[in-house]
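In the numbering used here, the protein residues as written are 39 to 321. For every residue, glycine included, the Cβ atom is placed at its ideal position computed from N, Cα and C. First comes the structure, then the notes that go with it.
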Amino acid sequence: MLQYFVDNKYNSVFVPGYVPKLEYMSKIDEIASQIPRAMHQHENLVEILLVYSGNGIHTINQERYITSKGDLIFYNSGVLHDEVVGRQSRWGTYCLAVSNLKLHNMALNEIIPEHYSPVINSGEHFQEILELFRILEGTIWKKDKLAAEFNNYIARALIIKFCSVIQEKYSSKQEKKASLASKVQMFIDKFYKEDINLDIIAKAVNANRYYLSHIFKAETDFSPMQYVTRLRLGEAQNLLINTDLSVTEIAAAVGYNDSNYFQKVFRRNVGLTPGNYRRRWRS
């Protein structure tokens, strides 16, 4: 027999007197993710998403983030957000929404500090978080009061796991690496439409090009230039769907001076030429 004893001398992540309330949970599969969602915000609750499959692009407070399997996406109360939808931007997500959340040193209905990235990979916590969401999915529809209480406890367990992910991400050593990756991402997010390369990025963040590439890929699963390409193609998809700009005009708008090269990159990554992509989407 194995017996484990628990140290109950701990400080709760929740401020005394505040009990988080589960408002809803949702699951969006890769087909449903194709339905567009307009820019929106929630004034009195926090939303946390887990990407369990696929990848996409989320816009949070006017900043664009590439998201993929294992990522947690944090929407504090009042934060504007939406998802960029395209044929190559499909993802499956679970979403948890809670109100009356009060963590130590945080405002009401905030789960992550404003200066932290709202997208963090769950890493080794992914499977546990996924299982908790699946448990909640299996009981959320039940109407009895015991089920409601059970569901709220699962929601609190998820919040505690989210706090663990955030805390580990921004421990002193990790924070330095995350800070560099964040600087690189912020620079690319701002200048990806310009003629930039790895040397320009390295100079902008005052770091060795090889070191920053290693750190950025460890944090995002993409090299800096892969991230540039994904942002450019994501914006190109948006322009192909929502405007009548020519392919040459779109190429220039997203940072490619050579339209032929843009079309090669687009086809290599998307599987269709820009023209065929537009026709298929609009058909």
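For the putative contact between PRO156 and ILE98, defined by C-beta atoms under 8 angstroms, what is the C-beta separation to the nearest angstrom? With 8 angstroms as the limit, PRO156 and ILE98 qualify as a contact, their Cβ atoms being about 5 angstroms apart.
Since ALA135 is in the beta strand (DSSP E), which residue starts that stretch and which ends it? Where ALA135 is concerned, the enclosing beta strand (DSSP E) stretches over 129-137.
Reduced DSSP secondary structure (H/G/I, E/B, other) of SER220: Residue state for SER220 is assigned as helix, using DSSP reduced to three classes.
Would you kindly report the start and end of the unbroken beta strand (DSSP E) that includes PHE112? Residues 109-113.
Taking the CB atoms as reference points, tell me whether ASN138 and LYS59 lie closer together than 8 angstroms. Taking the C-beta atoms as reference points, LYS59 is found nearer than 8 angstroms to ASN138.
Got a sec, what are the start and stop residues for the beta strand (DSSP E) LYS59 sits in? Segment 59-66, the beta strand (DSSP E) holding LYS59.
Sequence-distant residues of its chain with Cβ nearer than 6 angstroms to PHE107 (five each side left out): The residue you asked about is not Phe; residue 107 is Lys in the sequence shown. Around LYS107: VAL89 and SER91.
Do you know offhand how far TRP179's Cα is from LEU134's? Distance between the alpha carbons of TRP179 and LEU134 is about 14 angstroms.
Does PHE52 come out as helix, strand or coil in the three-state DSSP assignment? In the three-state DSSP reduction, PHE52 falls in the strand class (E or B).
Helix, strand or coil for THR97? Go by DSSP, reduced to three states. Correct three-state label for THR97: strand.
To which residues of the same chain is VAL286 closer than 6 angstroms at the C-beta, ignoring the five residues directly before and after it? Residue 286 is actually Thr in this sequence, not Val. Excluding sequence positions up to five before and after THR286, its CB lies within less than 6 angstroms of the CB of SER297, all in the same chain and listed in chain order.
Measuring CA to CA, which of TYR113, HIS163, MET39 and HIS142 is closest to ASN49? Here the closest residue by C-alpha is HIS142.
For the beta strand (DSSP E) containing VAL157, name the first residue and the last one. Run containing VAL157: 157-159, per the beta strand (DSSP E) assignment.
Spatial distance of GLU175 from ASP120 (CA atoms): Taking the straight line joining both Cα atoms gives about 23 angstroms.
Only counting the same chain, and skipping five residues up and downstream in sequence, which positions put a Cβ closer than 6 angstroms to that of PHE52? Closer than 6 angstroms at the Cβ level, and outside the excluded window around PHE52, lies no residue.
Which residue from GLN275, THR267, LEU218 and LEU269 puts its Cα closest to that of ARG247? Nearest of GLN275, THR267, LEU218 and LEU269 to ARG247, Cα basis: LEU218.
Which residue spans inside the segment 231-313 form an unbroken alpha helix (DSSP H) run of at least 4? Listed in chain order, the complete alpha helix (DSSP H) runs (minimum 4 residues) inside the segment 231-313 are 236-243, 247-258, 262-280, 285-291 and 297-308.
Using the C-alpha atoms, what's the distance from TYR265 back to LYS231? Looking at the backbone, the Cα of LYS231 and that of TYR265 are separated by about 12 angstroms.
Can you list, in chain order, the residues of its chain whose CB lies under 7 angstroms from that of SER64, leaving out five sequence neighbours each side? In chain order, CYS133 place their CB closer than 7 angstroms to the CB of SER64, counting only its own chain and leaving out the 5 sequence neighbours on each side.
Grab the span of the alpha helix (DSSP H) containing LYS183 for me, first residue to last. Taken as a continuous stretch (DSSP letters only), the alpha helix (DSSP H) holding LYS183 covers 183-207.
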